[in-house]
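Student:
Numbering (our numbering), first residue to last: -8 to 376.
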């Protein structure tokens, strides 16, 4: 009798568990109807994929932006996205040295240094040894460099391009590394973070001849400064739906391009991160995914317009990883409606797209490791390392 009771309880438990799991899997997808449509830019393709010299490189990273996130933004915007107008397309493998599923620190470091490291590491190898990043490599060669993010400037992706710390949580130490950055233009949030974690960082940046700004609208009038540090308030590290200015990333990217292009005859390198796509996917909120992808797409447009005008600029758009295991369930292109499901609130190991435009864009076709983005940028610039 005792065995029968145990067997019954086991069957009941398994059935209840299966029902619970099935209920979770059949949960209704989240839905969003876009009402803020924007025109997608179609580039000229005049220099696209040509084997000619590259002077400037603009690397745009949509944090967490897998193919599903890009597709959602496109269909919600009446089937139009500047990113998806590009012709040179590849795929990127994102695993880290320590994990099948990377974090932003390891992936950002791979893009910035060309080497894999453990999850959590910023600009250092698995033993904590510093690895030179793109800004540190290019600045001594005469290139002007810049870093932009919609995250805090101490966030994992932007800090991979200036900092060297064994743990991404070491905010104080990362901000102290910011003082020694080789970048001439930095932009991110937040001023309160700096005052809390690095009280002396702002003064140290001023001593390094950085013009400290808190409002991106002051950039145009500060274009003649030697160096610029746009350290915004907390609002500009939030979602657009929570108060971030819709023109922040677009205008900051535009002003950074103008600033850097006048700072060096050799050329420039600029990294631009759309950070909140990642957090929107972590939170499984399709509205924020769509709105952040569209916001990022405006920055891409600024880069492509400059590339068309300049003729010597390579633009690369990719992601550090996919977030949420997002899949699209349904939609209405005419209405701008998207329905989506998320498999998790974490990252996934799915390969992410890379889009390239301009001279040497053909280098980025096919399947490649994330470390190859770094080496291909140097190859495009004719730099041996």
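Ideal placement from N, C-alpha and C gives every residue a C-beta, glycine not left out.
For residue 285, list the residues DSSP reports as bridge partners.
Tutor: Bridge partners of residue 285: none, in fact.
Student: If you reduce the DSSP assignment to three classes, tell me which class residue 368 lands in.
Tutor: Correct three-state label for residue 368: helix.
Student: Taking Cβ to Cβ, would you say residue 43 is nearer than 8 Å to residue 350?
Tutor: Going by C-beta atoms, residue 43 is nearer than 8 Å to residue 350.
Student: In its own chain, which residues sit with a C-beta less than 7 Å from the C-beta of residue 16, not counting the 5 before and 5 after it?
Tutor: For residue 16, the predicted model reports a pLDDT of 37, less than 50, meaning its position is unreliable; a value from the coordinates is still stated below. For residue 16, where only same-chain residues beyond five positions count, there are no Cβ hits under 7 Å.
Student: Start and end of the beta strand (DSSP E) containing residue 455?
Tutor: Any answer about residue 455 is impossible in this case: the structure gives the chain only from -8 up to 376.
Student: Once you ignore the five residues that flank residue 12 on each side, which residues in its own chain have a CB closer than 6 Å to its CB?
Tutor: Low confidence applies to residue 12: its pLDDT is 33, below 50, so where it sits in the model is not reliable, and the reading given next is rough at best. Cβ within range, chain order: n/a, list empty.
Student: Can you tell me whether DSSP reads residue 338 as helix, strand or coil?
Tutor: Reduced to three states, the DSSP call for residue 338 is strand.
Student: Take the Cβ of residue 24 as the centre, count every other Cβ of all protein chains shown within 10 Å, and call the residue buried at 16 or more, exposed below.
Tutor: It counts as exposed.
Student: How do the segment 102 to 113 and the segment 135 to 152 stand: do at least 3 beta-carbon pairs fall below 8 Å, yes or no?
Tutor: The segment 102 to 113, when compared against the segment 135 to 152, does touch it at the 8 Å Cβ threshold.
Student: Taking C-alpha atoms, which residue in 345, 139, 69, 278 lies nearest to residue 264?
Tutor: Looking at the Cα atoms, 139 is the closest of the given residues.
Student: What runs of the alpha helix (DSSP H), each 4 residues or longer, lie entirely inside the segment 174 to 224?
Tutor: Complete alpha helix (DSSP H) runs here, min 4: 182 to 188, 192 to 198.
Student: Measuring alpha carbon to alpha carbon, tell me which residue in 183, 219, 232 is nearest residue 243.
Tutor: Per the Cα distances, 219.
Student: Report, in whole angstroms, the separation of the C-beta atoms of residue 89 and residue 106, which I expect to be a contact under 8 Å.
Tutor: Actually they do not touch by this definition, with Cβ atoms about 13 Å apart.
Student: Pick out whichever of 34, 111, 21 has its Cα sitting closest to the Cα of residue 75.
Tutor: The shortest C-alpha separation from residue 75 is found at 34.
Student: If residue 136 sits next to residue 297, beta carbons under 8 Å apart, how far is it from one beta carbon to the other, in whole angstroms?
Tutor: At roughly 16 Å, the Cβ-Cβ gap does not stay under 8 Å, so residue 136 and residue 297 are not in contact.
Student: In terms of residues, what are the limits of the beta strand (DSSP E) holding residue 348?
Tutor: It spans 343 to 348 - the beta strand (DSSP E) in which residue 348 sits, taken as one unbroken run.
Student: Is it true that the CB of residue 31 sits closer than 8 Å to the CB of residue 58?
Tutor: Their beta carbons are not under 8 Å apart, which means residue 58 does not touch residue 31 by this criterion.
Student: Assign residue 235 to one of two classes, buried (16 or more other C-beta atoms within 10 Å of its C-beta) or exposed (fewer than that).
Tutor: By the neighbour-count rule (16 or more Cβ atoms within 10 Å), residue 235 is buried.
Student: Could you tell me which of 293, 132, 323, 317 sits nearest to residue 332, measuring between CA atoms?
Tutor: Comparing Cα-Cα distances from residue 332 to each of 293, 132, 323, 317, the minimum goes to 317.
Student: Between the C-alpha atoms of residue 274 and residue 336, what's the straight-line distance to the nearest angstrom?
Tutor: Using only the alpha carbons, I get a separation of about 6 Å.
Student: Exposed or buried, what is residue 371 when buried is set at 16 or more other beta-carbons lying within 10 Å of its beta-carbon?
Tutor: Its Cβ being crowded by 16 or more others within 10 Å, residue 371 is buried.
Student: Tell me whether residue 299 sits in a helix, a strand or coil according to DSSP, three-state version.
Tutor: Residue 299: helix per DSSP, three-state reduction.
Student: Anyone know if the C-beta pair for residue 224 and residue 182 falls short of 8 Å?
Tutor: Cβ atoms of residue 224 and residue 182: closer than 8 Å.
Student: Where do the ends of the alpha helix (DSSP H) carrying residue 99 lie?
Tutor: First-last of the alpha helix (DSSP H) with residue 99: 95 to 104.
Student: According to DSSP, simplified to helix, strand and coil, what is residue 153?
Tutor: Here residue 153 sits in coil by DSSP.
Student: Run the CB neighbour count on residue 293, radius 10 Å, all protein chains shown included, and call it buried at 16 or more, exposed below.
Tutor: Label assigned to residue 293: buried.
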